[in-house]
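Residue numbers (our numbering): 33 to 111.
Beta carbons: idealized from backbone N, C-alpha and C, even for Gly.
Here is the structure we will look at, set down as C-alpha coordinates.
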(Lines of atoms letter the chains of each structure in order from A and count residues from 1; the text may use other names and numbers.)
(Lines give C-alpha, C1' and ligand atoms only; values in the text may rest on other atoms or scores of the structure.)
Protein backbone atom coordinates (compact mmCIF):
# COMPACT_ATOMS: atom_id res chain seq x y z
CA UNK A 1 0.00 0.00 0.00
CA UNK A 2 1.16 3.53 -0.82
CA UNK A 3 1.98 6.20 1.74
CA UNK A 4 -1.19 8.38 2.21
CA UNK A 5 0.71 11.60 1.42
CA UNK A 6 2.15 10.10 -1.75
CA UNK A 7 -1.26 8.76 -2.76
CA UNK A 8 -2.82 12.21 -2.31
CA UNK A 9 -0.05 13.84 -4.38
CA UNK A 10 -0.46 11.29 -7.18
CA UNK A 11 -4.24 11.81 -7.26
CA UNK A 12 -3.94 15.59 -7.40
CA UNK A 13 -1.24 15.45 -10.06
CA UNK A 14 -3.43 13.13 -12.13
CA UNK A 15 -6.42 15.47 -11.80
CA UNK A 16 -4.38 18.52 -12.85
CA UNK A 17 -2.90 16.65 -15.82
CA UNK A 18 -6.35 15.46 -16.92
CA UNK A 19 -7.87 18.93 -16.69
CA UNK A 20 -4.91 20.47 -18.55
CA UNK A 21 -5.06 17.88 -21.36
CA UNK A 22 -8.84 18.31 -21.66
CA UNK A 23 -8.47 22.09 -21.85
CA UNK A 24 -5.91 21.87 -24.66
CA UNK A 25 -8.00 19.33 -26.59
CA UNK A 26 -11.20 21.38 -26.27
CA UNK A 27 -9.63 24.71 -27.19
CA UNK A 28 -7.54 23.39 -30.10
CA UNK A 29 -8.12 24.88 -33.53
CA UNK A 30 -9.81 22.25 -35.66
CA UNK A 31 -9.79 24.35 -38.82
CA UNK A 32 -12.26 26.74 -40.44
CA UNK A 33 -15.22 24.33 -40.33
CA UNK A 34 -17.68 24.80 -37.45
CA UNK A 35 -17.79 21.75 -35.21
CA UNK A 36 -19.64 20.36 -32.23
CA UNK A 37 -17.03 21.67 -29.75
CA UNK A 38 -17.57 25.37 -30.63
CA UNK A 39 -20.14 26.02 -27.85
CA UNK A 40 -17.84 24.39 -25.28
CA UNK A 41 -14.87 26.35 -26.61
CA UNK A 42 -16.85 29.62 -26.41
CA UNK A 43 -17.91 28.85 -22.84
CA UNK A 44 -14.31 28.17 -21.80
CA UNK A 45 -13.08 31.37 -23.45
CA UNK A 46 -15.90 33.34 -21.83
CA UNK A 47 -14.97 31.94 -18.41
CA UNK A 48 -11.31 32.82 -19.07
CA UNK A 49 -12.29 36.39 -19.96
CA UNK A 50 -14.48 36.70 -16.84
CA UNK A 51 -11.65 35.52 -14.59
CA UNK A 52 -9.20 37.90 -16.28
CA UNK A 53 -11.61 40.81 -15.87
CA UNK A 54 -12.18 39.90 -12.23
CA UNK A 55 -8.47 39.63 -11.45
CA UNK A 56 -7.11 42.33 -13.76
CA UNK A 57 -9.92 44.85 -13.80
CA UNK A 58 -9.82 46.92 -17.00
CA UNK A 59 -8.48 50.42 -16.65
CA UNK A 60 -11.17 53.03 -16.21
CA UNK A 61 -9.85 55.01 -19.21
CA UNK A 62 -10.60 52.23 -21.70
CA UNK A 63 -14.06 52.61 -23.28
CA UNK A 64 -16.29 49.52 -23.44
CA UNK A 65 -16.19 49.59 -27.25
CA UNK A 66 -12.43 48.95 -27.21
CA UNK A 67 -12.73 45.81 -25.07
CA UNK A 68 -13.08 42.69 -27.22
CA UNK A 69 -16.02 40.47 -26.44
CA UNK A 70 -16.68 36.89 -27.48
CA UNK A 71 -19.54 36.18 -29.89
CA UNK A 72 -22.53 34.27 -28.53
CA UNK A 73 -22.47 30.48 -28.84
CA UNK A 74 -22.62 29.18 -32.39
CA UNK A 75 -21.95 32.54 -34.00
CA UNK A 76 -18.17 32.33 -34.10
CA UNK A 77 -16.94 33.47 -37.49
CA UNK A 78 -14.39 31.30 -39.22
CA UNK A 79 -12.14 32.75 -41.94
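- Residue 43 and residue 86 have their alpha carbons spaced roughly 30 Å apart.
- For residue 53, the enclosing alpha helix (DSSP H) has its first and last residue at 36 to 58.
- In this structure, DSSP gives residue 71 a helical state, which the three-state scheme calls helix.
- Fewer than three Cβ pairs drawn from the region 54 to 64 and the region 34 to 42 lie within less than 8 Å of each other, which leaves the two stretches out of contact.
- Residue 88 carries a coil assignment under DSSP once its states are collapsed to helix, strand and coil.
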